[in-house]
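Protein chains in written order, with the working numbering: chain H, 10 to 277; chain E, 687 to 786. Beta carbons: idealized from backbone N, C-alpha and C, even for Gly. Predicted, not measured: the structure shown is a model, and the values here were computed from it. Below is one structure; the comments refer to it alone.
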Ligand SMILES: [Zn+2]
């Protein structure tokens with residue numbers, strides 16, 4: 010069965026992973042800009058990272074028949090330094106014009122600090138000004154609930170933002186309902202240790218339905234599984250969910266959300 | 687809000703067949719972890735994470751629904767204002783006890 014992994018950090022993955030994902034049915038991925046596991050020392054470090062996301066990764070993915078799209082931002086873990094964050098944001102508009110850039114992401118909060126929130130709001134304003142889709146990272150563990158609420162309030166404070174054009178990622182059982190109730194899209198990240206498992210993702214779909222929700226691996230440099238989307242397809246199949254429902258969660262829904270940006274073009 | 691017709695397509699028996707062994711093992715992992723803590727050199731009972739952990743065990747046994755949501759909430763920060771500065775990048779998994 011075909012699938013889209015709408016949130017994976019391929020700069021941290023090997024070419025073998027591209028091959029394994031292609032063999033498992035992956036036809037497209039979207040790669041948000043994120044924290045590389047260490048702090049970059051200058052805006053130039055981000056500039057080069059954005060070039061890697063827009064120039065190099067699409068070619069690496071194309072070798073395996075996978076379409077590669079990306080998102081631009083300075084991530085919340087490096088947004089505590091407001092001066093640095095604003096310098097990086099100053100060259101994002103040029104990247105937004107490129108053919109594989111779908112929007113602003115993954116922006117959000119990490120420790121729910123004042124500076125993180127300021128930079129989040131400035132990214133939201135940037136997205137509104139350039140009519141971009143938004144992909145939101147929510148904090149981990151004890152910080153997730155509070156951060157998700159602060160993020161949704163900040164989004165609601167900007168009248169130019171339509172909730173249907175914002176995906177709030179890394180939801181779990183205590184945040185998925187509030188995200189969907191407020192009209193946003195919800196992303197479930199299948200990540201060992203700190204986030205959600207394929208079984209819990211299937212539970213959440215059974216409990217909250219399959220509208221405005223997607224699954225992703227958020228594969229990166231930590232312990233993670235770049236095949237967790239097809240593994241969730243398998244888990245749902247094992248339980249007796251229909252092929253239509255499984256395809257909707259892993260292909261149709263991400264395609265519908267992402268196709269709100271005219272640059273995204275993936276055939277079913 | 688949970689979906690009005692929330693259900694798992696499996697029968698009760700099928701779900702037990704599929705998941706019992708895995709979760710039996712996870713439960714024994716929890717028991718062995720608690721035993722391990724008792725064997726450590728400075729056996730204390732007041733770490734904020736373990737206080738939350740013990741409350742979580744009570745939730746598992748209370749027979750009420752929405753256990754996963756309630757456990758996650760038990761480990762969550764319920765304050766509402768942004769903090770002044772981020773003290774670190776990571777997270778601890780539970781909320782430190784309020785000193786007041
Ligand atoms: Zn990510």
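Residue i Cβ short of 6 Å to ligand 1 heavy atom set
i, result
"residue 724 of chain E", "no"
"residue 227 of chain H", "yes"
"residue 115 of chain H", "yes"
"residue 55 of chain H", "no"
"residue 739 of chain E", "no"
"residue 43 of chain H", "yes"
Spatial distance of residue i from residue j (CA atoms)
i, j, result
"residue 273 of chain H", "residue 109 of chain H", "8 Å"
"residue 228 of chain H", "residue 24 of chain H", "13 Å"
"residue 758 of chain E", "residue 268 of chain H", "33 Å"
"residue 127 of chain H", "residue 121 of chain H", "10 Å"
"residue 115 of chain H", "residue 240 of chain H", "24 Å"
"residue 755 of chain E", "residue 212 of chain H", "12 Å"
"residue 277 of chain H", "residue 744 of chain E", "47 Å"
"residue 189 of chain H", "residue 224 of chain H", "14 Å"
"residue 51 of chain H", "residue 708 of chain E", "47 Å"
"residue 155 of chain H", "residue 774 of chain E", "17 Å"
"residue 765 of chain E", "residue 133 of chain H", "23 Å"
"residue 125 of chain H", "residue 44 of chain H", "14 Å"
"residue 165 of chain H", "residue 172 of chain H", "8 Å"
"residue 221 of chain H", "residue 186 of chain H", "11 Å"
"residue 96 of chain H", "residue 19 of chain H", "25 Å"
"residue 54 of chain H", "residue 67 of chain H", "20 Å"
"residue 61 of chain H", "residue 69 of chain H", "11 Å"
"residue 700 of chain E", "residue 710 of chain E", "16 Å"
"residue 142 of chain H", "residue 219 of chain H", "21 Å"
"residue 72 of chain H", "residue 732 of chain E", "55 Å"
"residue 84 of chain H", "residue 703 of chain E", "43 Å"
"residue 727 of chain E", "residue 182 of chain H", "36 Å"
"residue 91 of chain H", "residue 159 of chain H", "19 Å"
"residue 698 of chain E", "residue 705 of chain E", "11 Å"
"residue 779 of chain E", "residue 714 of chain E", "21 Å"
"residue 724 of chain E", "residue 712 of chain E", "19 Å"
"residue 730 of chain E", "residue 737 of chain E", "11 Å"
"residue 694 of chain E", "residue 253 of chain H", "16 Å"
"residue 719 of chain E", "residue 739 of chain E", "11 Å"
"residue 777 of chain E", "residue 198 of chain H", "17 Å"
Spatial neighbours of residue i in its chain, beta-carbon cut-off 7 Å, leaving aside the 5 residues before and after
i, result
"residue 56 of chain H", "100"
"residue 746 of chain E", "753"
"residue 275 of chain H", "13, 36, 37, 76, 264"
"residue 48 of chain H", "87"
"residue 763 of chain E", "781"
"residue 721 of chain E", "none"
"residue 244 of chain H", "207, 208, 211"
"residue 39 of chain H", "15, 16, 78, 79, 80, 111, 267"
"residue 89 of chain H", "122, 124, 125"
"residue 255 of chain H", "10, 242, 245, 246"
"residue 191 of chain H", "161, 172"
6 Å CB neighbourhood of residue i in its chain, flanking five on each side removed
i, result
"residue 231 of chain H", "none"
"residue 783 of chain E", "734"
"residue 11 of chain H", "34, 36, 260"
"residue 157 of chain H", "147, 184"
"residue 742 of chain E", "757, 760"
"residue 131 of chain H", "none"
Identity of the residue in the options nearest residue i by Cα
i, options, result
"residue 6 of chain H", "H:180, H:19, H:200, H:118", "Because chain H in this structure spans residues 10 to 277, residue 6 of chain H falls outside the shown range and cannot be described."
"residue 41 of chain H", "H:145, H:139, H:250, H:137", "H:145"
"residue 32 of chain H", "H:97, H:130, H:242, H:74", "H:74"
"residue 768 of chain E", "H:162, H:58, H:257, H:238", "H:162"
"residue 113 of chain H", "H:177, H:201, H:252", "H:177"
"residue 201 of chain H", "H:150, H:159, H:191, H:160", "H:150"
"residue 102 of chain H", "H:71, H:123, H:254, H:136", "H:136"
"residue 152 of chain H", "H:167, H:139, H:123, H:118", "H:118"
"residue 174 of chain H", "H:58, H:65, H:46, H:271", "H:271"
"residue 138 of chain H", "H:159, H:168, H:160", "H:168"
"residue 217 of chain H", "H:129, H:247, H:196, H:170", "H:196"
"residue 696 of chain E", "H:58, H:250, H:191, H:199", "H:250"
"residue 258 of chain H", "H:98, H:214, H:205, H:65", "H:214"
Close beta carbons around residue i, own chain, < 8 Å, minus the five adjacent residues each side
i, result
"residue 235 of chain H", "14, 17, 22, 26, 29, 30, 226, 228"
"residue 63 of chain H", "79, 104, 107, 109, 110"
"residue 233 of chain H", "200, 201, 226, 227"
**Report entry** Whole alpha helix (DSSP H) elements within the stretch 106–166 of chain H, 4-residue minimum
**Finding:** 123–138, 153–165
Requested in this report: Could I get the ranges of all uninterrupted alpha helix (DSSP H) runs contained in the stretch 190–230 of chain H, with 4 residues as the minimum, in chain order?
Outcome: 207–217
Requested in this report: Scan the stretch 690–744 of chain E and note each continuous alpha helix (DSSP H) run of 4 residues or more that stays entirely inside, going in chain order.
Outcome: The DSSP assignment places complete alpha helix (DSSP H) segments of no fewer than 4 residues inside the stretch 690–744 of chain E at 698–725, in order along the chain.
Report task. Could you pull out every unbroken beta strand (DSSP E) segment of at least 3 residues lying fully inside the stretch 40–107 of chain H, listed in chain order? Result -> 76–81
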